[in-house]
Amino acid sequence: MSQPEKVLEFGEPDSRNGGNLPVTIAEKTGEDNQKFVFAIKNCANYTIMGKGTGRYLRVYSTANTQHAMVMLMDPVTNQTDRIELEDCSETIRSSMTYTADQSQAASVTDSRGNVTTNTYDAAGRLLTGVTDAAGRTVNYTYDANTDALTGVTQQTANGTASVGYTYTDDRLTAIAHNGFQYGFTYDAFGSKLQTTAAGQVLSSNTYLPHNGLLSESTYGTGQKVGFTYDKYGRTIAKSYNGTEAFRNEYDSGGNLLRHLDLQNEVTYRYEYDLIGRLTGMRSSKGQELQVHYDDKNRVDYNVSRVNGNLVKTKYSYTDLAASGYNTKRSGQTAQIKVNNTLTSEYVYDELGRTTQTKLYPGGTNQSYDTEYGYLPGAGPKDTTTLVNHVKRGNVSCDYTYDAAGNILTVTENGERKLSYQYDELNQLVREDNTYLGVTKTYTYDLAGNLLQKKEYTGAQHGEETLGTPAETITYSYPSTGWKDQLISYNGQSITYDQIGNPLRYWNGMEFTWANGRQLTGIANGSHTVSYQYDSNSMRTKKTVDGVTTEYFLNGSTVLTQVTGNTQLDFFYDDLGNAMGFIKNGTDKYYYIRNLQNDIVGILDSSGTQVVEYAYDTWGKLESVTGAMAETIGRENPLRYRGYYYDEETGFYYLQSRYYDPETGRFLNADETVLTGQGITSGNMYAYC
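In this text, residue positions in the sequence shown follow my numbering: the first is 1029, and each later residue adds one.
Dropping the structure here:
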């Protein structure tokens, strides 16, 4: 059963099943009725025993060479399905040990045999330390009265990295990071009133009376975003600086029926089925979207149409056959067709891992195959989920990893191409890059800010002494205030507004911001760029020196972009990864990705690679080559990590912010203080 988010579960005796114990598929809860022991009683008799329940289920195979089948009952529909029980040639194995009183995990051993150990306070309740397989320890401290987490620290070669937390009446009021504090105030109901960084007001909120909903947010720049609600608490309007920008209308079931984008002068209408699933959308710009589902609530196919160009994407899944035995895993994507033409196929192993993908750019007579192999585990029949081998066309790459799962080396067709080294905080400190013919080193402060990067001629794999760098670039930050703000890059200054948006950049670009954190304009010498966004701050339009690109979206996904007479319609797999695009309704192109999800090439409809991209480790575009490098290679916007690349600025648009691969940082601060769980997660500019 390859549905990792689901488990088997014993139900209660059911008269619909002759009083027997039904086995169902359920969400994982960890209860004993989801834990089983499988035993072979004889060559054709399997017993499945539920832990601690005294219940068992006996199933039979009809011959020694056939696998046993468990009948599953859906308690809602009364329909049955079958799960095949078969031997696995490999196992993904992990284990845990527990403290003396069995209340806490003392250690965790992963599938590679790497051991992480935990320590606890004297009472055995609070986690005080975690030591990973490399011997690096993260320590935790708590308030003696409330048990609230007050600090996280880790020793590094450069000192102690730390983050601290302060509470008032059990509410988080301060986060200490990098020598300054983020501050938070609340009203009597616990709703956040104000957020500050190093004393600078980032935003202030007001609410409707009587513990009501958010009424207005005012940014430190003075710009305001307001919200209006109906009596059911649904947002019916959103305004910028007092001017209504968006309006919503709902149907009797509470579904969004009509959305008016007053800024961009577009109206969207939505359609739903009887159980509230979105089935269609139409816009006044001529965009149409249809979504159809199968009987298991999965997307069967969707249809996108813009300016008369239609893209239909059909998904087929590896379900067990209605009769007979089918050894494919259930519920995984088997095939994808685009406009009724087979586009891709997927092959999985018995553990549900992808072992091969097939692209069909020239039809079913030829395919562009990518094969995957996986890192062995600690035991003789153990394996892992880490990919250690990728064969793509005639290129074969092998990967090695450290204990934390960071890539250490990449070997292509037997030649070492990339080597990486990391510090105690898992930050990249050195790369030896044969592709680019360089070695680069990086240093950081204790808050995750880059301080310096050096480039050396030649990829010096394994060399400890690097000699004199060909280039050294320095980063500077303020000694007081918001110390994570980059104020100088390679000697060129950067200025900011009150909430951390850059105004003038190190390379001379000047930025205009609106509605708090929306980048709306860039001036760079003789070139100008402007942007427009929808109500979710997703970009809908870009104008470069008078030439406009318009985006047609499904949520945050770009379905179509139109620039002048050029229309690109993108098609996606079931996970939302772009597989390629169709240009002007006729010419189809397909993406080649590496293990890190970078788009490294493009195939045309004959299966010929016509574009190749090269990036540095941070995503800076180093080269575009191939027969169509200056046409399709430039027109295609999806590049490093699959991000949207703006050729005119060199930035990547990551939906909520723009990322600069030259500096390796986001342009402006994240709206959410604490960007993750790591010890440097208080750095709102860091790209990680």
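Note that beta-carbon positions come from the ideal geometry of N, C-alpha and C, so glycine has one too.
Own chain partners of residue i with C-beta closer than 7 Å, once the 5 adjacent residues on each side are dropped
i	result
Tyr1257	Leu1241, Thr1263, Ile1264
Glu1676	His1555, Val1557, Val1572
Asn1605	Gly1670
Asp1301	Thr1307
N-terminal and C-terminal residue of the beta strand (DSSP E) that residue i is part of
i	result
Arg1333	1327-1334
Gly1211	1208-1214
Arg1286	1284-1289
Gly1192	1187-1196
Asp1615	1615-1621
Gln1318	1316-1321
Met1712	Unbroken run through Met1712: none, as it is neither H nor E.
Asn1167	1165-1170
Glu1499	1499-1504
Leu1155	1155-1159
Ser1123	1123-1126
CA-to-CA distance, residue j to residue i, given in whole angstroms
i	j	result
Thr1382	Tyr1376	4 Å
Glu1492	Gly1670	34 Å
Lys1340	Lys1616	13 Å
Ala1432	Ala1150	29 Å
Gly1442	Asp1426	8 Å
His1205	Gly1211	11 Å
Gln1268	Tyr1561	According to the sequence shown, residue 1268 is Tyr rather than Gln. Roughly 12 Å between the two C-alpha positions.
Asp1626	Arg1667	6 Å
Tyr1559	Thr1196	41 Å
Gly1647	Pro1689	5 Å
Ser1504	Gly1519	8 Å
Ser1351	Thr1385	In this prediction, Ser1351 scores a pLDDT of 34, lower than 50, which makes its location untrustworthy; the coordinate-derived value is nonetheless stated afterwards. For Ser1351 and Thr1385, the distance between alpha carbons rounds to 27 Å.
Ala1475	Lys1252	31 Å
Arg1545	Gln1513	15 Å
Gly1706	Ile1610	40 Å
Thr1523	Gln1228	15 Å
Met1124	Gly1282	46 Å
Gln1582	Ser1131	The residue you asked about is not Gln; residue 1582 is Asn in the sequence shown. Their backbone Cα atoms lie some 46 Å apart in a straight line.
Ile1435	Asp1601	26 Å
Gly1710	Arg1420	39 Å
Residue from the options with nearest C-alpha to residue i
i	options	result
Tyr1517	Leu1456, Leu1478, Thr1147, Leu1230	Leu1478
Ile1630	Glu1483, Tyr1470, Thr1659	Thr1659
Tyr1321	Thr1307, Ser1311, Lys1313	Thr1307
Tyr1643	Val1229, Glu1316, Tyr1463	Tyr1463
Gln1612	Ser1395, Asn1233, Leu1338	Per the sequence presented here, residue 1612 reads as Asn, with Gln not at that position. Of the candidates Ser1395, Asn1233, Leu1338, the one whose C-alpha sits nearest the C-alpha of Asn1612 is Leu1338.
Lys1468	Gly1442, Gly1495, Asn1454	Gly1495
Asn1292	Leu1285, Phe1274, Arg1286	Phe1274
Gly1608	Asn1543, Lys1252, Ser1372, Asp1451	Ser1372
Leu1682	Ala1655, Tyr1715, Ile1707	Tyr1715
Tyr1470	Arg1444, Gln1520, Pro1497	Pro1497
Arg1621	Asp1397, Arg1297, Ser1122, Asn1142	Asp1397
Gly1549	Tyr1533, Glu1650, Asp1289	Tyr1533
Arg1333	Gln1315, Gln1637, Asn1325	Gln1315
Thr1361	Tyr1374, Gly1592, Leu1387, Gly1261	Tyr1374
Gln1183	Leu1453, Gly1465, Gly1141	Leu1453
Pro1389	Phe1580, Ser1565, Ser1634, Asn1543	Ser1634
Cutoff 6 Å; reference residue i; Cβ partners in own chain excluding five residues on either side
i	result
Lys1356	The predicted position of Lys1356 is uncertain, since its pLDDT is 48 and thus under 50; no value can be drawn from it.
His1417	Gly1401, Asp1426
Asn1529	Trp1541, Asn1696
Ser1232	Gln1222, Thr1246
Phe1208	Ala1226, Lys1511
Val1590	Glu1578
Val1701	Tyr1210
Asp1160	Thr1144
His1287	Asn1276, Tyr1296
Ser1219	Tyr1235
Ala1551	Glu1538
Close beta carbons around residue i, own chain, < 8 Å, minus the five adjacent residues each side
i	result
Lys1409	Ser1117, Glu1118, Thr1119
Arg1662	Val1652, Glu1675
Ser1122	Val1136, Thr1137, Asp1138, Ser1139
Gln1595	Val1334, Asn1335, Asn1337, Thr1588, Gln1589, Lys1611, Asn1612, Gly1613
Asn1461	Lys1445, Leu1446, Thr1467, Lys1468, Ala1487, Asp1644, Thr1645
Thr1411	Glu1118, Thr1119, Ile1120, Ser1139, Leu1379, Tyr1402, Leu1403, Pro1404, Gly1405
Boundaries of the alpha helix (DSSP H) in which residue i is found, first to last residue
i	result
Glu1244	Not the alpha helix (DSSP H): Glu1244 falls in the beta strand (DSSP E), residues 1242-1247.
Glu1663	1660-1663
Within the region 1384-1452, ranges of the beta strand (DSSP E) (whole runs, at least 3 residues): Runs found: 1396-1404, 1411-1420, 1423-1429, 1435-1440, 1443-1450.
If we require 3 or more residues per run, which beta strand (DSSP E) segments fall completely within the region 1215-1282? Within the region 1215-1282, the complete beta strand (DSSP E) runs of at least 3 residues are 1220-1225, 1228-1235, 1242-1247, 1252-1257, 1263-1268, 1271-1278.
Can you list, in chain order, the stretches of the beta strand (DSSP E) that have 3 or more residues and sit fully within the region 1626-1707? With a minimum length of 3 residues, the continuous beta strand (DSSP E) runs that stay inside the region 1626-1707 are 1627-1631, 1637-1643, 1649-1653, 1672-1674, 1679-1681, 1686-1688.
To test your reading of the DSSP string, which unbroken beta strand (DSSP E) runs of 3 or more residues are found completely within the region 1525-1565? As far as the region 1525-1565 is concerned, its whole beta strand (DSSP E) runs of at least 3 residues are 1530-1532, 1538-1542, 1546-1552, 1555-1561.
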